[in-house]
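Just so it is clear: in the sequence shown, position 128 is 128 by full-length UniProt numbering, and no numbers are missing. Virtual Cβ for every residue (Gly too), placed ideally from N, Cα, C. Here the structure comes first, spelled out in structure tokens, and everything after it is commentary.
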Amino acid sequence: MKLKRFLLRYYPPGIILEYIQSGELKTKSIDLLDLNTATDVEALVEDIRKAEPLITQSRKDQVVHLILRLQEKLGQVDHKFYLFKVRVMRRMHTLIGHRAEISSAQFNWDCTLIVTGSMDKTCMLWNALTGKRVATLTGHDDEVLDVCFDYTGQRIASASADGSARVYDAETKKCVAKLEGHTGEISKICFNPQGSRILTASSDKTARLWEPKTGQCIQILEGHTDEIFSCAFNYKGNIIITGSKDNTCRIWR
């Protein structure tokens, strides 16, 4: 195994390791859920290094720096609730380009890009600062019902009424995986916090877990007696919730 790079995850706090194993790019997450402003970062990193062989002594300072950034971010949160009266907001941009209703829109993690999904069967990528269209993502044969970024903003997932989902590379704008298997429209799609799984909800009364790199279905979640409209991971990514037209939600572990 060869470590390629670290990715910082602000919420829930953690570090993602990208590494090469047998020629394949993989990811591994180190959750830092107990990190706070009083944590001894040097001691924490030493414990992490002992447990994780990918983090060698030469990488220690880099990990310390990343965790200090996380710690600083945590220190900016005062854990108080404020209620503000919102003033009239000024419209910054109008995103024009789709030929039909827009069903879904989402920012990437640093709010530099926006992805939209439309009834015109396309997704569009936009520069959030200028409002200019960056790319049109095509491939679906029916309306796009939902879109999302992964936690890094490097991948985009789309869900369609054609019963398929697609994964696009945000940099190359190319489709890198097609997720097929549902027998009804897919109304909701999301990545887990680690970016290693995709969850879809469908009118075929099932939810499915997918491997985003290959498009392989890993598991079918069955039990609802009517269409599933919503699905989500918890912040650790180890629990799933689904919401259905059958008037129930189900929690899956």
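Using DSSP with H/G/I as helix, E/B as strand and the rest coil, what is residue i?
i	result
residue 127	strand
residue 14	strand
residue 141	coil
residue 171	coil
residue 219	strand
residue 152	coil
residue 3	strand
residue 161	coil
residue 120	coil
residue 29	strand
residue 136	strand
Assuming residue i contacts residue j under a Cβ cut-off of 8 Å, what Cβ separation, rounded to an integer in Å, is found between them?
i	j	result
residue 239	residue 250	11 Å between Cβ atoms; not a contact.
residue 203	residue 181	Not really, about 14 Å apart at Cβ, beyond 8 Å.
residue 66	residue 103	That belief does not hold up - the Cβ atoms of residue 66 and residue 103 are roughly 37 Å apart, past 8 Å.
residue 52	residue 16	At roughly 12 Å, the Cβ-Cβ gap does not stay under 8 Å, so residue 52 and residue 16 are not in contact.
residue 129	residue 112	7 Å
Would you report the Cα separation of residue i and residue j, rounded to the nearest angstrom?
i	j	result
residue 149	residue 122	15 Å
residue 193	residue 132	28 Å
residue 114	residue 147	10 Å
residue 83	residue 63	With a pLDDT of only 49 at residue 83, under the threshold of 50, the placement of this residue in the model should not be trusted, and no figure is reported.
residue 176	residue 215	9 Å
residue 9	residue 172	23 Å
residue 45	residue 233	28 Å
residue 73	residue 142	42 Å
residue 108	residue 126	10 Å
residue 164	residue 21	29 Å
residue 32	residue 99	44 Å
residue 236	residue 119	33 Å
residue 36	residue 14	12 Å
residue 197	residue 221	14 Å
residue 223	residue 208	12 Å
residue 160	residue 97	19 Å
residue 93	residue 60	43 Å
residue 116	residue 186	16 Å
residue 135	residue 179	21 Å
residue 47	residue 219	34 Å
residue 105	residue 57	43 Å
residue 227	residue 38	47 Å
residue 7	residue 162	34 Å
residue 210	residue 23	21 Å
residue 157	residue 34	31 Å
residue 101	residue 43	53 Å
If you drop the 5 nearest sequence neighbours on each side, which residues of the same chain put their C-beta closer than 8 Å to that of residue i?
i	result
residue 19	1, 2, 3, 4, 25, 26, 27, 28, 54
residue 155	149, 167, 168, 169, 170, 176, 191, 195, 212
residue 50	none
residue 257	Beyond the ends of the chain as shown, which are 1 and 253, falls residue 257; an answer cannot be given.
residue 229	187, 188, 201, 243, 244, 245
So, at 6 Å on beta carbons, what are the nonlocal neighbours of residue i in its own chain, with the 5 sequence-adjacent residues on each side left out?
i	result
residue 137	123, 168
residue 195	150, 151
residue 139	166, 175
residue 231	188, 199, 201, 207, 242
By Cβ distance below 7 Å, which residues in the same chain neighbour residue i in space, the five residues on each side in sequence not counted?
i	result
residue 225	205, 246
residue 41	64, 67, 68, 71
Item checked: Contained beta strand (DSSP E) runs [length at least 3] in the region 178 to 217, N- to C-terminal order -> Those beta strand (DSSP E) runs which fall completely within the region 178 to 217 and span 3+ residues are 186 to 191, 198 to 202, 207 to 211.
Item checked: Unbroken stretches of the beta strand (DSSP E), 3 residues or longer, contained in the region 34 to 109 -> 102 to 107
Check: Considering only residues of the UniProt repeat "WD" (221 to 253), which uninterrupted beta strand (DSSP E) runs meet the minimum length of 3 residues and lie entirely inside it, listed in chain order?
Finding: 228 to 233, 240 to 244, 249 to 252
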